[in-house]
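Heads up: the sequence shown at position 138 corresponds to 138 in full-length UniProt numbering, and the numbers run straight through without jumps.
Report on the structure given below.
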Amino acid sequence: MKDDPKTLVSTEWLAAHLKDPDLRILDASMPPVGCGPEAKGSTKAAYDNAHIPGARFFDIDEISDHRSELPHMAPPVEKFMSRLRAMGVGDGHQVVVYDSAGLFSAARVWWLLRLMGQNNVAVLDGGLPKWQAEGLPLEDLPPVIRDRHMTVRVQNHLVRDATQVSSASKLRDHEIIDARAAERFRGDQPEPREGLRAGHIPRSRNVPFKSLLTAAGTMKDPDQLRTIFEEAGVDLSKPAITTCGSGVTAAILCLALERMGKTDYSLYDGSWAEWGAFPTLPIATGEE
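The following block contains the structure:
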């Protein structure tokens, strides 16, 4: 794998740069959908017990827009800036994000930082499981925090709302790509969140995020990724909008597209948590 400090870095790269003064590491672990508050607490407790040296804990649910009824929507700029500053993350830092699943919620924080105009951010390929499997160091000490100003320039082209997605679905001028499992995409399996219809956005394509990962939980190489998208019927010449259950695994699709050199993508932040809840928005079932 070729290390890229703007998308994906290996455990070897991080181990070699662990003591760089401008490196900041974020643990973005979160439990799967459907887990109760105790699961969230256990995720933070796991971080407190053992994390990559110097890592700060990034709480995706807390650092979100609490004015919205939808889960973990992108936070207001002021909140994002204050939380990151409190973690000692700011201008001039190289950020590496990981999670305890391998490659899951870390991509959401990568996308959030990109949305806020921070480009020197990468996901740790294989995450904490790979780091631990290789016997690399862990600690249970809280990080030493030093304030650092963060300049935020919101990149609005990286995010889409329901109105924009509805227009793209009708005009067919974008490829809408759904990261959920095939059973959920087809509508064969009930949604894990209560009150949501089953199915998908009309004229969207299904690329389950797990299909982009190896058995070891690392991301496949760019040529393999391109083949997966193309075999799913994605026209890569069109701009892409990614979606999923609540905007978390859709970010893995964004990361994969970026690894392929495709930069005209955006993420539907409300995703199925929003679309599936509104009876006026159309849905499709089956393969198409």
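Virtual Cβ for every residue (Gly too), placed ideally from N, Cα, C.
Closest Cα partner of residue i within the set the options
i	options	result
D65	E78, P142, R56, A55	E78
S271	E69, T151, A256	E69
M81	L113, Y98, P53, I52	L113
R146	H93, A182, A179, N119	H93
V234	Y265, P75, T249	Y265
N49	P142, C254, P32, L158	P142
P279	S211, H200, V89	H200
P222	T249, T242, C244, L255	L255
R56	L84, R203, M73	L84
T243	V159, M219, P282	V159
Cutoff 6 Å; reference residue i; Cβ partners in own chain excluding five residues on either side
i	result
K130	T11
Contact set for residue i: own chain, Cβ-Cβ below 8 Å, skip 5 residues either direction
i	result
D173	K238, P239
G127	Y98, D99, S100, A101, G102, L103, F104, A106, G217
E230	L236
K44	F57, D59
A273	L70, P71, R193, L196, G245, S246, G247
For residue i, three-class secondary structure by DSSP
i	result
E69	coil
H157	helix
R83	helix
F57	strand
N49	helix
R205	strand
S266	strand
Burial state of residue i, where buried means 16 or more other Cβ atoms lie within 10 Å
i	result
R24	buried
V123	buried
T7	buried
L171	exposed
P31	buried
V144	exposed
G286	exposed
P21	exposed
Neighbourhood of residue i by C-beta distance below 7 Å, restricted to the same chain and skipping five residues each side
i	result
A277	G195, L196
P75	I63, S64, D65
M260	P222, L225, R226
Cβ contact (3+ pairs, closer than 8 Å) linking the region 217-228 and the region 176-188: No: fewer than three Cβ pairs fall under 8 Å.
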